[in-house]
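Enquirer: So that we are looking at the same thing, I have put the structure below in structure tokens.
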Amino acid sequence: MKLISLHALVLFVEHGDIISAAKAANLQPSRIRYQLRLLEDNLCAPLIKKYRGKCLPTPLGREIYGKAVRTLAMWGAILEDSRRGNSTPTGQSADLLPGEVFGDSAE
Numbered sequence: 002m003k004l005i006s007l008h009a010l011v012l013f014v015e016h017g018d019i020i021s022a023a024k025a026a027n028l029q030p031s032r033i034r035y036q037l038r039l040l041e042d043n044l045c046a047p048l049i050k051k052y053r054g055k056c057l058p059t060p061l062g063r064e065i066y067g068k069a070v071r072t073l074a075m076w077g078a079i080l081e082d083s084r085r086g087n088s089t090p091t092g093q094s095a096d097l098l099p100g101e102v103f104g105d106s107a108e
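Numbering (the working numbering), first residue to last: 2 to 108.
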């Protein structure tokens, strides 16, 4: 699984369709479709269904969307920390990591 696949799902859910998602990301719609298919293949479950001519997220797609938003936010925090040259992460996910990983012994 790649972060770009999660990003494609987030774009799709937030923009309501593949064409709008692709425009928002300055990508071809086929690229969004491909990434969504890869994500579905990795999860072995459909994330999008067609209903009355429209593509909609499945219940699992909506659940994965929430997790994808959080995952992408954590990755963004990691990138920010690395660009600032921080040796210890300070982003919103930093408190999820054990202190001993960074040499902070609580003993």
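The beta-carbon is built from N, C-alpha and C at its ideal position, and this holds for glycine as well.
In the DSSP assignment, what residue or residues form a beta bridge with Cys56?
Expert: Cys56 pairs with Lys51.
Enquirer: Can you list, in chain order, the stretches of the alpha helix (DSSP H) that have 4 or more residues and sit fully within the segment 3-55?
Expert: The segment 3-55 contains these whole alpha helix (DSSP H) runs: 4-16, 19-26, 30-44.
Enquirer: Between Leu40 and Ala9, is the Cβ-Cβ spacing less than 9 angstroms?
Expert: Closer than 9 angstroms, so yes.
Enquirer: Does DSSP put Gly86 in a helix, a strand or coil?
Expert: It is coil, neither helix nor strand.
Enquirer: How big is the Cα-Cα spacing for Leu4 and Tyr52?
Expert: In a straight line, the C-alpha of Leu4 is about 27 angstroms away from that of Tyr52.
Enquirer: Measuring CB to CB, does Cys56 end up less than 9 angstroms from Ile65?
Expert: Not closer than 9 angstroms, so no.
Enquirer: Rounded to whole angstroms, what's the CA-CA distance from Val11 to Ala46? Just pull it up for me.
Expert: Spanning the two alpha carbons is a distance of roughly 17 angstroms.
Enquirer: Quick one: what's got a C-beta closer than 8 angstroms to Arg34's C-beta in the same chain, skipping five residues either side?
Expert: Here the set comprises Ile19.
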